[in-house]
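What follows is a single structure, written as structure tokens, with notes after it.
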Amino acid sequence: MREVRLAQIGIGHWGKNLLRNFDAIPTCRVMVVCDEKPDARQFVNERYPGIAVVKDFMEVLARDDLDGVVIATETPTHFSIARTALENGLHVFVEKPMAQQVSEAETLVSLSDQTGRHCMVGHLLLYHPAFNYVEDLIQSGTLGDLYYMYSVRVNLGIVRQRENALESLAPHDLSVALAFLQQQPDAVSVHAQAYLQPDICDVAFSTVFFENGALAHLHTSWLDPHKIRKVTLVGSKKMVVIDEMHGAEKVRIYDKGVDSPGYVGFAESMTTRVGDINIPNIRTSEPLHLECLHFVDCIRTGKTPRTDARNGLAVVRLLEAAQKSLKAGGVKIPVNS
Numbered sequence: 001m002r003e004v005r006l007a008q009i010g011i012g013h014w015g016k017n018l019l020r021n022f023d024a025i026p027t028c029r030v031m032v033v034c035d036e037k038p039d040a041r042q043f044v045n046e047r048y049p050g051i052a053v054v055k056d057f058m059e060v061l062a063r064d065d066l067d068g069v070v071i072a073t074e075t076p077t078h079f080s081i082a083r084t085a086l087e088n089g090l091h092v093f094v095e096k097p098m099a100q101q102v103s104e105a106e107t108l109v110s111l112s113d114q115t116g117r118h119c120m121v122g123h124l125l126l127y128h129p130a131f132n133y134v135e136d137l138i139q140s141g142t143l144g145d146l147y148y149m150y151s152v153r154v155n156l157g158i159v160r161q162r163e164n165a166l167e168s169l170a171p172h173d174l175s176v177a178l179a180f181l182q183q184q185p186d187a188v189s190v191h192a193q194a195y196l197q198p199d200i201c202d203v204a205f206s207t208v209f210f211e212n213g214a215l216a217h218l219h220t221s222w223l224d225p226h227k228i229r230k231v232t233l234v235g236s237k238k239m240v241v242i243d244e245m246h247g248a249e250k251v252r253i254y255d256k257g258v259d260s261p262g263y264v265g266f267a268e269s270m271t272t273r274v275g276d277i278n279i280p281n282i283r284t285s286e287p288l289h290l291e292c293l294h295f296v297d298c299i300r301t302g303k304t305p306r307t308d309a310r311n312g313l314a315v316v317r318l319l320e321a322a323q324k325s326l327k328a329g330g331v332k333i334p335v336n337s
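Structure (structure tokens):
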């Protein structure tokens with residue numbers, strides 16, 4: 001197959017990173033970039049003189065030399081652009097979340113099936129070597145039964161105006177919780193608060209309850225003195241911490257736990273176990289580059305993306321329930337499957 005030819009819609013903070021990575025793939029060629037903002041178009045003209053630049057998405061759709069589109073616009077526009085691209089026979093890479101409502105995400109799943117075109121969602125951490133390493137540990141049984149996980153994804157900025165901190169940051173760890181815990185989510189409870197702008201929460205504490213008793217707790221905020229990107233997993237045999245901000249030692253495996261004597265007795269009969277801490281040597285690559293490579297490869301080969309439309313739908317289901325809980329003051333909201 002010839003090189004994969006793409007258009008990119010949106011050249012904001014994250015869109016620039018996507019363009020850099022897609023442009024660097026030998027089997028891919030970014031043909032055109034679309035953005036309403038003059039400074040964004042100027043950026044592309046100066047840095048990527050060989051790429052056409054347009055203001056209107058309809059100019060992208062008018063071309064007949066494209067295989068797919070990359071959507072890196074604000075969240076409220078994801079669904080409409082992705083739907084239009086699929087209806088025009090184009091493969092789609094759309095940043096998370098793919099939509100703001102379950103009904104919209106279901107439409108994208110149906111369109112992807114009907115057109116035979118991929119709709120891949122940017123759940124970046126599922127392409128991260130550290131998270132893939134831990135996923136292998138889980139599948140091998142090294143951690144035992146998973147009891148719960150919690151994540152902290154906080155920073156000072158970027159403050160959004162058309163989405164809250166839950167929508168902006170939580171999809172990362174929700175996708176990880178679904179991949180790691182491998183259970184059906186049962187309900188979601190969210191407590192959040194808006195300080196900087198009315199009705200747009202800056203901090204959210206979310207808990208996802210799974211059908212077999214596992215929990216996932218997420219702390220997300222863009223109003224925090226620290227930049228933290230950390231996930232902790234607690235299993236019956238071992239525990240793991242993934243720290244995205246740590247340069248070389250992103251994963252630490254703790255041989256810690258509580259051992260039961262195997263018979264019914266007093267709690268005092270249980271003993272804590274404290275063993276070694278293992279820091280594996282994980283071969284690192286930029287997760288975004290791996291994600292972009294995967295999208296291009298799926299177009300070339302026809303294989304289904306790991307984070308396809310159904311994967312995106314599962315996260316949107318959690319987000320929709322989370323938003324309902326947020327508005328209801330933290331009430332536990334069932335997750336409809």
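Numbered by my numbering, the letters in the sequence shown go through residues 1 to 337 in order. Cβ coordinates follow ideal geometry from the N, Cα and C atoms, glycine included.
Report the partner residues of residue i according to the DSSP bridge assignment.
| i | result |
| --- | --- |
| VAL54 | CYS34 |
| ASN278 | ILE253 |
| SER140 | SER140 pairs with nothing; no bridge assigned. |
| ILE200 | GLN197 |
| ARG273 | GLY257 |
| ASP243 | LYS230 |
| ALA216 | MET149 and VAL208 |
| GLY330 | Answer by DSSP bridge pairing: none, since GLY330 is not bridged. |
Cβ atoms of residue j and residue i: under 9 Å apart, would you say?
| i | j | result |
| --- | --- | --- |
| VAL154 | HIS226 | yes |
| VAL121 | VAL315 | yes |
| GLU74 | ARG162 | yes |
| HIS289 | ALA24 | yes |
| LEU218 | PHE205 | yes |
| ALA7 | VAL102 | no |
| HIS118 | VAL92 | yes |
| ASN281 | ILE253 | no |
| GLY12 | ALA72 | yes |
| ASN21 | GLU286 | yes |
| VAL53 | TYR147 | no |
| LEU166 | THR232 | no |
| LEU178 | LEU318 | yes |
| ASN164 | ASP202 | yes |
| VAL345 | ARG2 | There is simply no residue 345 to check, as the chain begins at 1 and stops at 337 in what is shown. |
How would you write the range of the beta strand (DSSP E) that residue i sits in, first residue to last?
| i | result |
| --- | --- |
| HIS91 | 91–95 |
| LEU233 | 223–235 |
| GLU6 | Rather than Glu, the amino acid found at residue 6 in this sequence is Leu. Element bounds for LEU6: 4–9. |
| PRO185 | 185–193 |
| LEU156 | 146–156 |
| VAL363 | With the chain covering only 1 through 337, there is no way to say anything about residue 363. |
First and last residue of the alpha helix (DSSP H) that includes residue i?
| i | result |
| --- | --- |
| ILE299 | 287–301 |
| HIS13 | 13–23 |
| THR75 | Neither: THR75 is in no alpha helix (DSSP H) and is coded neither H nor E. |
| GLY312 | 309–327 |
| VAL102 | 102–115 |
| VAL176 | 165–181 |
Cα separation between residue i and residue j?
| i | j | result |
| --- | --- | --- |
| GLY312 | LYS96 | 8 Å |
| GLN42 | TYR150 | 41 Å |
| VAL208 | ARG47 | 43 Å |
| GLY15 | MET245 | 21 Å |
| LEU223 | LEU108 | 33 Å |
| VAL272 | ASP259 | Per the sequence presented here, residue 272 reads as Thr, with Val not at that position. One C-alpha to the other measures close to 6 Å. |
| GLY141 | MET239 | 12 Å |
| VAL274 | GLY330 | 36 Å |
| LEU61 | CYS34 | 11 Å |
| LYS37 | VAL4 | 26 Å |
| ASP255 | THR301 | 41 Å |
| LEU111 | PRO76 | 19 Å |
| LEU19 | VAL30 | 8 Å |
| GLY247 | ALA130 | 11 Å |
| LYS324 | LYS303 | 35 Å |
| GLU87 | GLU104 | 14 Å |
| GLU211 | CYS298 | 33 Å |
| SER189 | ILE333 | 6 Å |
| LEU124 | GLY68 | 19 Å |
| THR284 | CYS28 | 22 Å |
| ALA321 | LEU181 | 19 Å |
| ILE242 | LEU143 | 14 Å |
| LEU66 | GLY50 | 16 Å |
| VAL94 | LYS237 | 37 Å |
Taking all protein chains shown into account, decide if residue i is buried (16 or more other Cβ within 10 angstroms of its Cβ) or exposed.
| i | result |
| --- | --- |
| ASP173 | buried |
| ILE200 | buried |
| LYS250 | buried |
| ALA328 | exposed |
| GLN193 | exposed |
| THR307 | buried |
| LEU156 | exposed |
| ILE158 | exposed |
| ASN336 | exposed |
| GLY89 | exposed |
| GLY10 | buried |
| GLY257 | buried |
| PRO185 | buried |
| PRO171 | buried |
Chain D beta carbons: is any one of them nearer than 9 Å to that of residue i?
| i | result |
| --- | --- |
| TYR133 | Chain labels in this structure do not include chain D; a single protein chain is all it has. |
What do you reckon, is the C-beta of residue i under 8 Å from a heavy atom of the ligand COA?
| i | result |
| --- | --- |
| ALA52 | This structure lacks the ligand COA; in fact it carries no ligand of any kind. |
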